[in-house]
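Numbers 21 to 581, taken from the numbering used here, label the letters of the sequence shown in order. All C-beta atoms, glycine included, are put in the ideal place defined by N, C-alpha and C. Bear in mind that the values here come from a model prediction, so they are computed numbers and not experimental data.
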Amino acid sequence: MDRTQPRAKWPCGSATQPKSASGNLRISAGPTTLLRSFPEAPSRQGTLLKFSAFSATNLTELACELGQLVSGWTVAEVQPLPPRDLLLILTPPSPLPDGPPRLRLRLSAHLDGARLHLQQGRVHSHRGSHAPVFDRLGEELLDSTLKSIEQVGADRIALLEFSNCSGNARRALLLEFLGRHSNMALLGPEDSILEVLVPQADKPERPARLAKGRTWSPPGGSLRPPDKPQPSIEESYPDPDTLPPGPVKDRAPLSWRVECALGLMADATVLEQDRSRLIARLERRLNRARSALKGIEKRALAAGECERIRQDGELLKSVLGTLRRGMTEATVSDWFAADMPQRKLALDPKLTPSENLEKVFARVHKLEKAQATLEQDRNQASSRISRLEELAAQALTTEDPLRLDTEAVQAGLLETRQEANPRKKKPRPARLPYRTFQTDEGLEIRVGRTAKDNDDLTLHHSRGLDLWLHTQDVPGSHVILRTGRGVQPSEQAIVDAALLAVHFSPARGASQCDVHLVERKHVHKPKGAKPGLVTLAGGKILRVRAQPKRLASLLRGSAGH
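Dropping the structure here:
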């Protein structure tokens, strides 16, 4: 941590943090609604309650309670609970006659229930992308000693320090309980970030704060106590109806309150998300199954015409000698009818009479083949729809949608879910201040996006010998024709750049327009000038006539719309 910012050391058991004369950070969160239940009986429904999110005051109390309980314990196992939770399985330094043989410490960066507590209730099944940080924590923290659990400053940030790590290097686990921005990271010496649960992406206006290889710094406004007292855990979360299982019943009462409230809240959110995903998967399969049944019914209607088509083939065969290529129809006497009426049969004029006859009987054979499996296909489709509808009804109330999903996959009713692999996720490319186009000779044309981007393009994304273009007496984009050392652009390349300068200005669509042309090194930005405003030294004016086809070709080849 930044050693100039001391960590908060509030007295154990304090319900509120001391007020800072200079601090004015307000930490608050809106209430969350769920049905009251407990980890041991997650399906029990009862009174509707509202729980506040994890606060800085709550962390102060928990860090004190948990630190006294598990400091000095050994990390026997790291259990990932993807996508954003994990358990540290801790064992005491020596057997305790009246204590547990091990404890489970829950660390969660859940978007709707970030928290820290002992896990005393049962753990619900988790499924999600396995972030690289989980593997790294298993390698680095196994058999290490948990030295302390501290609160950083007066914020919702916890730091777990470890000793006896691999290579005796400093290792710490950082948890930021910041609502939808909650995260965790493994820190090394000098607060270097070795791994992070959810890496942040760089933005042009703000570099990523939590990124591998960088030094951790607190979020803006952190490390200051709130200016108003916050509710304690006992005030925020109700006393659970049941005692926790195991021998630590009275040693971590605050942790048990947090587990029963926020833990259940997060579990309820995950349950609802898993249930919604399962219902959506079943609905997609049901739609496909119903469409398949409609297709089978269409086949049944077509198969009903099989006998009539076979008769038409026999009739066509009887007059085959009178037919010739190019005819569109044949008139025959229908001897299959009682009064032998005249019947017209359609022909393909591109085919010979024999090929037309083969086409008719090929259709007959196809319909006969479909007819043979029609009833079986109809029964299978109807059965699949019934089973999917039954599963969809169960999915509305199931307490274990993952199990139901697995059973549906094993029964062949659903496809195996494909989990996103965070290691394969491609980082979003940084936004450039310009669009890119290309001339026929391969030269690059850059066109600024906004007034601020025009400055960035001209001053930082161009060279002195590049050509700079801009519409005369009309606002618009700065345009750079990249030339390179010793490269003389053709007249057509310059015209292309000028056409783009006109297009990306209010003069777009004009039959002709004047455009400034000057080497980039003769373009200067006056001090204090508005974005996009520059001065020129020299250059010349081009009169550009509209070339719609050429402009359309340039726009189609754009690499940066």
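Proximity below 8 Å, CB of V522 to CB of T491: Contact: yes.
Q99 vs V268 beta-carbon contact at 8 Å: At the C-beta level, Q99 and V268 stay beyond 8 Å of one another.
Buried or exposed by the 16-neighbour rule on C-beta atoms within 10 Å, applied to M285: Around the beta carbon of M285, a 10 Å sphere encloses 16 or more other beta carbons of the protein chains shown; the residue is thus reported as buried.
Delimiting residues of the beta strand (DSSP E) encompassing S183: Annotation for S183: the continuous beta strand (DSSP E) segment containing it runs 177-183.
Within 8 Å, strictly: CB atoms of S168 and G233: Annotated as distal: S168 and G233, with beta-carbon spacing of 8 Å or more.
Counted within 10 angstroms of its Cβ, other Cβ atoms place G468 as buried (16 or more) or exposed: With 16 or more other Cβ atoms within 10 Å, it is buried.
Contact between the segment 452-462 and the segment 509-519 (3+ Cβ pairs under 8 Å): They touch, by the three-pair rule.
Beta-carbon gap between S252 and L138 smaller than 8 Å: No, they are not a contact pair.
Completely contained beta strand (DSSP E) runs for the segment 327-407, where each covers 3 or more residues: Whole beta strand (DSSP E) segments, 3+ residues: 349-353, 362-366.
Strand pairing of W488, partner residues [DSSP]: For W488, the pairing in a beta bridge is given by DSSP as I500, V538.
Paired residues, beta bridge with I169 - DSSP: Beta-bridge pairing links I169 to L180.
CA nearest to the CA of R383, picked from D397, R308, Q331: Checking every option, the nearest Cα to that of R383 belongs to Q331.
Burial state of M360, where buried means 16 or more other Cβ atoms lie within 10 Å: Answer is exposed; the Cβ neighbour count stays below 16.
Cβ-Cβ separation, I177 to E196 (assumed contact under 8 Å), whole Å: With 8 Å as the limit, E196 and I177 qualify as a contact, their Cβ atoms being about 5 Å apart.
D425 versus A83 - alpha carbon distance: Near 38 Å, if we compare the C-alpha coordinates of A83 and D425.
Buried versus exposed call for H542 [16 or more other C-beta atoms within 10 Å across all chains shown]: Around the CB of H542, fewer than 16 other CB atoms lie within 10 Å, so the residue is classed as exposed.
For S482 and D420, the rounded distance between their alpha carbons: The alpha-carbon atoms of D420 and S482 are separated by roughly 59 Å.
For R505 and S573, the rounded distance between their alpha carbons: Per the coordinates, the alpha-carbon of S573 lies some 27 Å from the alpha-carbon of R505.
For R277, the three-state DSSP class (helix, strand or coil): The answer is helix: DSSP assigns R277 an H, G or I state.
Neighbourhood of V95 by C-beta distance below 8 Å, restricted to the same chain and skipping five residues each side: Contacts found: L108, I109, L110, L161, L162, D163, S164, T165, L166, F182.
Whether S525 touches P568 by CB criterion (8 Å): Contact flag unset, no.
Bridge partners - L416, DSSP secondary structure assignment: Looking at the DSSP assignment, L416 forms no beta bridge with any residue, so it has no partner.
V95, enclosing alpha helix (DSSP H) - first and last residue: Bounds of any alpha helix (DSSP H) do not take in V95; it lies within the beta strand (DSSP E) bounded by 94-101.
Close Cβ partners of G577 (< 7 Å) along its chain, the five nearest in sequence each way excluded: F457, Q458, listed in sequence order.
Identified DSSP bridge partners for G78: Correcting the residue identity first, residue 78 is Asn in this sequence and not Gly. Paired residue(s): none; N78 is not in a bridge.
Where the alpha helix (DSSP H) containing T459 begins and where it ends: Segment: none, T459 is in no alpha helix (DSSP H) and carries neither H nor E.
Limits of the unbroken beta strand (DSSP E) element including S128: S128 -> beta strand (DSSP E) spans 123-128.
Euclidean distance between Cα positions of L575 and R297: For L575 and R297, the distance between alpha carbons rounds to 41 Å.
Reduced DSSP category for R174 - H, G, I as helix; E, B as strand; rest coil: Reading off the sequence, residue 174 comes out as Ala, not Arg. In the structure shown, A174 sits in coil (DSSP, three-state: anything other than H, G, I, E or B).
Close beta carbons around Q220, own chain, < 7 Å, minus the five adjacent residues each side: Only A228, R229, L230, A231 meet the Cβ criterion.
Residue(s) in a DSSP beta bridge with S186: DSSP, once it has assigned bridges, lists no residue as partnering S186.
Environment of D175 [buried if 16+ CB atoms lie within 10 Å]: So D175 counts as buried.
Continuous alpha helix (DSSP H) stretch holding K587: start and end: Any property of residue 587 remains undetermined from this structure, which presents the chain solely from 21 to 581.
Three-state secondary structure assigned by DSSP to H481: Coil at H481, not helix or strand.
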